[in-house]
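Asks:
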Amino acid sequence: MAQSHWNIGRVEYWNVGPIFSFAHHSIIPTFHHSYSGVEESKMIDRKHGYYDRKKEKMSKREREAYLQKRLSEILRYGYRHSKSVRSRFDAVRLMPKEIRNLKDLEKLPITKKADLVTAQKETPPLGGFEVIPRDGLRRIYISPGPVFEPGEWDYKDIRWAQGLYACGMRKGDIVLNTFNYHLTPLAFMLDESLQMLGATVVPIGPGNLSMQIQLMRHLRITGFLGIPSFLMAIVEAAEGMHLDFKKDLHLKAAFVGAEMFPESLREKLEGKLEILIRQAYGTVDVGCLGYECPEKNGMHIPEDVIVEIVDTDTGRQLELGATGEIVATTFSKVFPMIRFATGDLSYLIEDPCPCGRTSMRLGKILGRTDQVTKVGGIFIHPWQVDEMMAKFPVVTNYQVVVTRKEYRDEMTIYIELKEEVSDKISLKIRLGKEVQEVLKVKGEVVFVTRGGIPDRAKKIDDRRIWE
Ligand SMILES: [Zn+2]
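Residues in the sequence shown are numbered from 32 upward in steps of one, following this note's numbering.
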């Protein structure tokens with residue numbers, strides 16, 4: 032498969048979106064490569080244990096008390112130090128002390144991504160959400176919107192590390208990080224989290240399949256991080272090279288994310304690689320919100336964040352099990368997000384999990400609350416399509432259709448023209464270039480006759496079936 036398909040350097044430019052996975056054997060002999068040329072054999076249990084046993088096994092009561100304490104701390108702190116957090120309280124005439132428990136949290140307004148974008152336009156660069164002076168930042172990340180996010184000097188958030196551990200990553204692993212190190216924070220957060228685990232990172236980023244495979248062999252890579260369809264592409268490329276997964280590759284744990292991960296793809300990858308694959312969920316704005324354990328029955332919500340499932344219109348919390356929008360409150364003292372709406376839909380599971388972790392879990396990610404569609408890990412907004420087509424006066428009607436073939440997203444842009452043009456081929460090339468440039472995803476441009484796109488057709492029609 033052509034490498035260009037991967038939009039090298041841009042794969043998850045538009046948000047983290049759902050899901051991360053780690054693949055692992057339960058108990059397997061692992062050969063750790065040492066550069067002195069000596070190989071030592073070790074039995075590594077990738078299926079049991081906890082990154083932070085004390086936190087992950089808290090009783091319900093302990094957990095509630097812990098979250099309440101952290102919530103009240105961050106609300107007071109945010110109120111004092113963050114202009115935007117304070118304005119959220121002012122809008123409903125409340126003081127931090129009036130939010131006494133997790134249920135009270137719903138009295139505060141939801142912050143949508145669009146609010147963040149607007150605030151940052153008005154008060155650049157960070158919109159007043161930040162609580163530290165600008166010269167105290169290590170990095171400024173840029174996510175779709177655009178949204179600017181501060182990178183902390185000292186990254187201490189353990190939520191991704193918990194997810195990585197639950198998925199099978201261990202100290203001593205050599206991990207290929209194929210997430211994008213360009214602009215967005217995800218690859219960096221994971222990089223730092225792997226350090227917490229004591230794993231070695233190869234910061235390769237996306238693209239360049241043959242180099243990925245070469246490195247996997249040469250460095251005896253045991254862990255993989257990336258989007259699931261990219262892992263599939265690597266597997267296919269390795270098959271094309273007639274490699275034997277067990278003999279030639281040493282993968283023990285594979286972490287995939289930033290796009291939907293259908294069970295059929297999981298089964299296929301697990302079958303070929305003979306490793307388990309686990310996923311987690313998070314966004315660039317609020318970090319990790321859930322991760323799967325070996326039991327594969329929902330995503331455990333890490334302890335250092337509050338996740339609510341709410342009615343998108345009212346912001347009220349929904350009863351256990353009901354489907355609603357995932358809203359998160361973080362405890363970051365650099366960029367606190369209070370009731371940040373992710374735009375993703377899911378539900379909560381409370382039944383005990385055999386793995387021993389006591390947290391509530393997020394069920395499947397069921398879709399987006401708005402029209403935004405994610406293609407190949409990248410968000411496509413209807414307004415982007417409008418803006419793009421406004422540059423072509425000859426285009427009168429258009430529709431983006433997203434389908435899925437062989438576990439890969441495909442995007443087709445159907446276009447009706449006002450009048451016949453003499454050079455359709457060059458118009459098609461120009462449109463294709465514009466699509467790639469604006470949407471950051473490759474799409475096929477197809478001209479249809481006038482009236483070929485039905486009236487009131489969705490601007491972006493997502494025809495993918497997830498099973
Ligand atoms: Zn579990």
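Ideal placement from N, C-alpha and C gives every residue a C-beta, glycine not left out.
What number of angstroms, rounded off, separates the C-alpha of residue 282 from the C-alpha of residue 119?
Replies: Translated into positions along the sequence shown, residue 282 becomes position 251. Translated into positions along the sequence shown, residue 119 becomes position 88. Cα-Cα distance, rounded: 47 Å.
Asks: Does the Cβ of residue 226 have 16 or more other Cβ atoms within 10 Å, making it buried, or fewer, making it exposed?
Replies: Walking along the sequence shown from the start, residue 226 turns up at place 195. Under this definition residue 226 is an exposed residue.
Asks: Could you work out which residue in 429, 175, 129 is closest to residue 144 when comparing CA atoms only?
Replies: Here residue 144 corresponds to residue number 113 of the sequence shown, with the count starting at 1. Checking every option, the nearest Cα to that of residue 144 belongs to 175.
Asks: Let's see if you can read the secondary structure: which residues bound the beta strand (DSSP E) around residue 309?
Replies: By 1-based counting over the sequence shown, the position of residue 309 is 278. Run containing residue 309: 307 to 309, per the beta strand (DSSP E) assignment.
Asks: Which of the three DSSP states, helix, strand or coil, is assigned to residue 399?
Replies: On the sequence shown, residue 399 is found 368 positions in, with the first residue counted as 1. Of the three classes helix, strand and coil, the one that applies to residue 399 here is strand, per DSSP.
Asks: State the DSSP-derived secondary structure class of residue 229, mapped to helix, strand or coil.
Replies: Within the sequence shown, residue 229 is the residue found at index 198, counting from 1. In the structure shown, residue 229 sits in coil (DSSP, three-state: anything other than H, G, I, E or B).
Asks: Tell me, which residues are paired with residue 435 by DSSP?
Replies: Position 404 of the sequence shown, counting from 1, holds the residue named residue 435. DSSP lists 440 as partners of residue 435.
Asks: With a 10 Å radius around its C-beta and 16 neighbouring C-beta atoms as the bar for buried, classify residue 449 as buried or exposed.
Replies: Within the sequence shown, residue 449 is the residue found at index 418, counting from 1. Residue 449 should be labelled exposed.
Asks: Starting from the Cα of residue 179, find the closest Cα among 200, 234, 317, 255 and give me that residue.
Replies: Locating residue 179 in the sequence shown gives position 148, where the first residue counts as 1. The residue with the shortest Cα to Cα distance from residue 179 is 317.
Asks: What number of angstroms, rounded off, separates the C-alpha of residue 59 from the C-alpha of residue 197?
Replies: Against the sequence shown, residue 59 aligns to sequence position 28. Against the sequence shown, residue 197 aligns to sequence position 166. Reliability fails at residue 59, whose pLDDT of 36 lies under 50, so the model's placement of it is uncertain and the value that follows must be treated cautiously. Each residue's Cα considered, the two are about 16 Å apart.
Asks: So, helix, strand or coil for residue 126, using DSSP?
Replies: The residue given as residue 126 occupies position 95 in the sequence shown. Looking at residue 126 - three-state DSSP - the assignment turns out to be coil, as it is neither helix nor strand.
Asks: Just the Cα atoms here: how many angstroms apart are residue 262 and residue 112?
Replies: Translated into the one-based positions of the sequence shown, residue 262 becomes position 231. Translated into the one-based positions of the sequence shown, residue 112 becomes position 81. Rounded to the nearest angstrom, the two C-alpha atoms are 43 Å apart.
Asks: Let me know if residue 442 comes out buried or exposed under the rule of 16 or more other beta-carbons within 10 Å of its beta-carbon.
Replies: Within the sequence shown, numbered from 1, the residue matching residue 442 stands at position 411. Result: buried.
Asks: Taking the CB atoms as reference points, tell me whether residue 201 and residue 77 lie closer together than 8 Å.
Replies: If you number the sequence shown from 1, residue 201 lands on position 170. If you number the sequence shown from 1, residue 77 lands on position 46. Contact: yes.
Asks: Compare the C-alpha of residue 337 against each of 371, 347, 328, 236 and name the closest.
Replies: As a position in the sequence shown, residue 337 is number 306, starting the count at 1. It is 371 whose Cα lies nearest to the Cα of residue 337.
Asks: Can you give me the start and stop residues for the beta strand (DSSP E) that residue 486 sits inside?
Replies: Counting from 1 along the sequence shown, the entry for residue 486 is found at position 455. Element bounds for residue 486: n/a, residue is neither H nor E.
Asks: Is the beta carbon of residue 379 sitting closer than 8 Å to the one on residue 397?
Replies: Taking the sequence shown and counting its residues from 1, the one referred to as residue 379 is at position 348. Taking the sequence shown and counting its residues from 1, the one referred to as residue 397 is at position 366. Their beta carbons are not under 8 Å apart, which means residue 379 does not touch residue 397 by this criterion.
Asks: Does any CB atom of chain C fall closer than 8 Å to the CB of residue 315?
Replies: The chain labelled as chain C is not found in the depicted structure, where only one protein chain is given.
Asks: Between the beta-carbon of residue 340 and the beta-carbon of residue 359, is there less than 8 Å?
Replies: The residue you call residue 340 lines up with position 309 of the sequence shown. The residue you call residue 359 lines up with position 328 of the sequence shown. Taking 8 Å as the Cβ cut-off, residue 340 and residue 359 do not qualify as a contacting pair.
Asks: Is it buried or exposed, residue 122, if we count other Cβ atoms within 10 angstroms and call 16 or more buried?
Replies: Working through the sequence shown from its first residue, we reach residue 122 at position 91. Burial call: exposed.
Asks: With a cut-off of 8 Å, do at least 3 Cβ pairs link the segment 282 to 291 to the segment 306 to 315?
Replies: As far as the Cβ criterion goes, the segment 282 to 291 touches the segment 306 to 315, which means the pair count is three or higher.
Asks: Does ligand 1 have a heavy atom nearer than 7 Å to the CB of residue 297?
Replies: Within the sequence shown, residue 297 is the residue found at index 266, counting from 1. No - ligand 1 has no heavy atom lying nearer than 7 Å to the Cβ of residue 297.
Asks: What first and last residue would you give for the beta strand (DSSP E) that runs through residue 181?
Replies: Along the sequence shown, read from residue 1 onward, the residue named residue 181 stands at position 150. Run containing residue 181: 178 to 182, per the beta strand (DSSP E) assignment.
Asks: Using 8 Å as the cut-off, can you tell me whether the segment 385 to 397 makes contact with the segment 449 to 463, which would need three or more C-beta pairs spanning the two stretches below that distance?
Replies: With a cut-off of 8 Å, the segment 449 to 463 and the segment 385 to 397 do not count as touching, because too few Cβ pairs lie within range.
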